[in-house]
Structures are given as structure tokens and as C-alpha cells.
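Participant:
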Amino acid sequence: MRCRHVEAVDPVPPRTTGCEECLKLGMQWVHLRLCLTCGHVGCCDSSPGRHATAHFHETTHPIIASFQPGERWAWCYADEVELPVPPAAEPLLRD
Ligand SMILES: [Zn+2]
Ligand SMILES: [Zn+2]
Ligand SMILES: [Zn+2]
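Using this note's numbering, the letters of the sequence shown map in sequence onto residues 1 to 95.
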């Protein structure tokens with residue numbers, strides 16, 4: 001299936017350097033994901049908070065990219081498909 005959401009995102013810079021909710025709640029995360037719609041940084045599904053997925057359910061922002069150093073992949077929650085990182089998001093990700 002082809003993802004139509006990825007063409008619509010206009011990536012904005014990350015709002016925080018760690019998971020936004022975990023930082024507020026004093027929780028620990030495993031890996032980080034960046035919402036390409038609004039710049040929300042959330043933790044992955046292996047983290048206790050699963051805040052990246054929670055953010056999708058709250059906002060329906062469909063596309064996240066890995067916010068792990070050196071990782072380059074994106075994911076559409078709506079289509080459940082892995083995507084290449086959109087070129088506009090590349091400068092926002094971590095080396
Ligand atoms: Zn999609
Ligand atoms: Zn979190
Ligand atoms: Zn978002």
C-alpha cells in the first residue's frame with residue numbers, strides 16, 4: 001500500500017531533546033521517535049510510556065521518524081508501513 005500522508009507532512013524541529021511526557025513525569029524511555037507533523041518527541045513501544053503511539057492516538061498525526069542517533073527510517077501509523085525519511089526531515093534527525 002502506498003502512503004499518501006508522507007507527502008503532506010511539513011516537518012518541524014523537535015520540541016524537546018527527550019520524550020516530552022517522560023520528561024514531565026520523570027519516566028525512563030528506551031528509544032525516541034519524532035512526530036513529523038508537530039515536532040513532538042515520544043518514546044517507542046518498548047518503553048513503559050509508549051508516548052509516540054499515544055501521541056498518534058491523541059492527535060492522529062500519522063508519520064514518525066526514528067530520533068535515535070544514526071537511524072534513518074520513518075513509519076506511518078495510519079497505513080502501518082515503513083517509509084524512507086522525507087528529505088525535509090533529514091536535517092532534524094540525529095547523527
Ligand atoms: Zn500513510
Ligand atoms: Zn515517553
Ligand atoms: Zn504530532
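Backbone N, C-alpha and C define an ideal beta-carbon position, used for all residues, glycine too.
Within a Cβ cutoff of 6 Å, which residues of the same chain sit near residue 62, ignoring the five residues on either side of it in sequence?
Facilitator: On the sequence shown, position 62 is the one that residue 62 refers to. Result list for residue 62: 5, 76, 77 and 78, in chain order.
Participant: Any heavy atom of ligand 3 inside 6 Å of the beta-carbon of residue 37?
Facilitator: Here residue 37 refers to the residue found at position 37 when the sequence shown is read from its first residue. Yes, since a heavy atom of ligand 3 falls inside the 6 Å radius drawn around the Cβ of residue 37.
Participant: Would DSSP call residue 22 helix, strand or coil?
Facilitator: In the sequence shown, counting from the first residue as 1, residue 22 sits at position 22. In this structure, residue 22 counts as helix in the three-state DSSP scheme.
Participant: Considering just the uninterrupted stretch of the beta strand (DSSP E) at residue 82, what are its terminal residues?
Facilitator: Position 82 of the sequence shown holds residue 82. Residues 81-83.
Participant: Taking all protein chains shown into account, decide if residue 33 is buried (16 or more other Cβ within 10 angstroms of its Cβ) or exposed.
Facilitator: Against the sequence shown, residue 33 aligns to sequence position 33. Burial call: buried.
Participant: Just list the residues that DSSP pairs residue 32 with in beta bridges.
Facilitator: Start at 1 with the first residue of the sequence shown, and residue 32 comes out as number 32. Beta-bridge pairing by DSSP links residue 32 to 43.
Participant: Measuring only from the beta carbon, is residue 61 closer than 6 Å to any heavy atom that is part of ligand 1?
Facilitator: One-based indexing of the sequence shown puts residue 61 at position 61. No, Cβ of residue 61 sits at least 6 Å from all heavy atoms of ligand 1.
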